[in-house]
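The structure appears right after this line, and notes come after that.
Residue numbers (the working numbering): 8 to 277.
So this is what it looks like as structure tokens:
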């Protein structure tokens, strides 16, 4: 069954949304008036048919909004992938913890029944690994050597009879197999997350590349049309160029429950 995640966008992307909406909402609300004034300024009120300056202004403003829509989609995809990674990572860690505890328990039993020499024979002397892939290798080696009999190791309490490690071995073997499968699934998810992050990063670059030209053009159109208040509202400030909203950008912002902290880049070294 797939994992259903209500993906949130990062603070970085939400900031760009606020800045984008300032321009888009301004143009959508004023493109007719802006277009009419620009037609008068540039064409004496007689623009070539069928082109209108209103259409030009609207198209320029919506270009940035289109870039943002792609960015938000990619950012939400990253959130979904990261959430799926977390589920599989938690499962991997739970299996690894249980496997390690079972191996430590087996080592204690072998030591109690046959002594340190038998423990060394199983390759279990020293600390039991904690890193999942090392734990898999260790478990496989122990299972292989556990198939040997212990005839060379006299029982410390022969009155109890020869111990049977079958149940322990079966449990360890199942954990080793489950851990391998979960690690493989997690690796696949991490590759998908890296792919989603790559697409998101490209979308960020596209928005960054187009923001200043679009904002500058729209600001210039407003100023040329003698609409200075609107020009000031969309002006590409240093803060906006850096992806930080101005106070007026936040007037109609989305509630904070739609936003998550910025995620870190995922690597395969887990």
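We put the CB at the ideal spot given by N, CA and C, even for glycine.
Residue 50 burial status per 10 Å Cβ neighbour count (16 or more: buried):
Taking the first residue of the chain shown as 1, we reach residue 50 at position 43. With fewer than 16 other Cβ atoms within 10 Å, it is exposed.
Taking DSSP's pairing of strands, which residues face residue 267 in a bridge?
Start at 1 with the first residue of the chain shown, and residue 267 comes out as number 260. For residue 267, which the question treats as bridged, DSSP gives the partners 17.
Can you tell me whether residue 20 is buried or exposed? The criterion is at least 16 other CB atoms within 10 Å of its CB, across all chains shown.
Position 13 of the chain shown holds residue 20. The residue is buried, with at least 16 neighbouring Cβ atoms inside 10 Å.
Which of the three DSSP states is assigned to residue 253 in this structure?
Stepping through the chain shown from its first residue, residue 253 is reached at position 246. Coil at residue 253, not helix or strand.
Three-state class that DSSP yields for residue 35 in the structure shown
Your numbering for residue 35 matches position 28 in the chain shown. Of the three classes helix, strand and coil, the one that applies to residue 35 here is helix, per DSSP.
For the pair the region 213-226 and the region 95-115, tell me if three or more CB-CB distances fall below 8 angstroms.
no
Where residue 270 and residue 72 are concerned, what is the direct C-alpha to C-alpha distance, given to the nearest angstrom?
Counting from 1 along the chain shown, the entry for residue 270 is found at position 263. Counting from 1 along the chain shown, the entry for residue 72 is found at position 65. So the alpha carbons of these two residues sit roughly 23 angstroms apart.
Cα-Cα separation between residue 188 and residue 145, rounded to whole angstroms
By 1-based counting over the chain shown, the position of residue 188 is 181. By 1-based counting over the chain shown, the position of residue 145 is 138. Straight-line Cα distance between these residues: approximately 16 angstroms.
7 angstroms Cβ cutoff met for residue 207 and residue 15:
Numbered from 1 along the chain shown, position 200 holds the residue referred to as residue 207. Numbered from 1 along the chain shown, position 8 holds the residue referred to as residue 15. Taking 7 angstroms as the Cβ cut-off, residue 207 and residue 15 do not qualify as a contacting pair.
Exposed or buried, what is residue 37 when buried is set at 16 or more other beta-carbons lying within 10 Å of its beta-carbon?
Looking up residue 37 in the chain shown gives position 30. Buried, because 16 or more other Cβ atoms sit within 10 Å of the Cβ of residue 37.
Please report the Cβ distance between residue 138 and residue 132, rounded to the nearest whole angstrom; I am assuming they are in contact, meaning their Cβ atoms lie under 8 angstroms.
As a working note, residue 138 is residue 131 in the chain shown. As a working note, residue 132 is residue 125 in the chain shown. Taking C-beta atoms under 8 angstroms as the contact rule, residue 138 and residue 132 fail to qualify, at a distance of about 18 angstroms.
By how many angstroms is the C-alpha of residue 41 removed from the C-alpha of residue 26?
What you label residue 26 is simply residue 19 of the chain shown in a count that begins at 1. What you label residue 41 is simply residue 34 of the chain shown in a count that begins at 1. Taking the straight line from one Cα to the other gives about 20 angstroms.
Does residue 52 pass the burial test, meaning 16 or more other C-beta atoms within 10 Å, or should it be called exposed?
Walking along the chain shown from the start, residue 52 turns up at place 45. With fewer than 16 Cβ atoms within 10 Å of its Cβ, residue 52 is classed as exposed.
Quick one: using the 10 Å Cβ neighbour count with 16 as the cut-off for buried, is residue 64 buried or exposed?
The count along the chain shown starts at 1 and reaches residue 64 at position 57. Classification for residue 64: buried.
Between which two residues does the alpha helix (DSSP H) containing residue 85 stretch?
Here the question's residue 85 lines up with position 78 in the chain shown. Taken as a continuous stretch (DSSP letters only), the alpha helix (DSSP H) holding residue 85 covers 60-121.
Between the Cα of residue 155 and those of 173, 182, 164 and 141, spot the shortest distance and give me the residue it belongs to.
Here residue 155 corresponds to residue number 148 of the chain shown, with the count starting at 1. The option with the nearest alpha carbon to residue 155 is 173.
What is the DSSP secondary structure of residue 134, reduced to helix, strand or coil?
Taking the first residue of the chain shown as 1, we reach residue 134 at position 127. Residue state, collapsed to three classes: coil.
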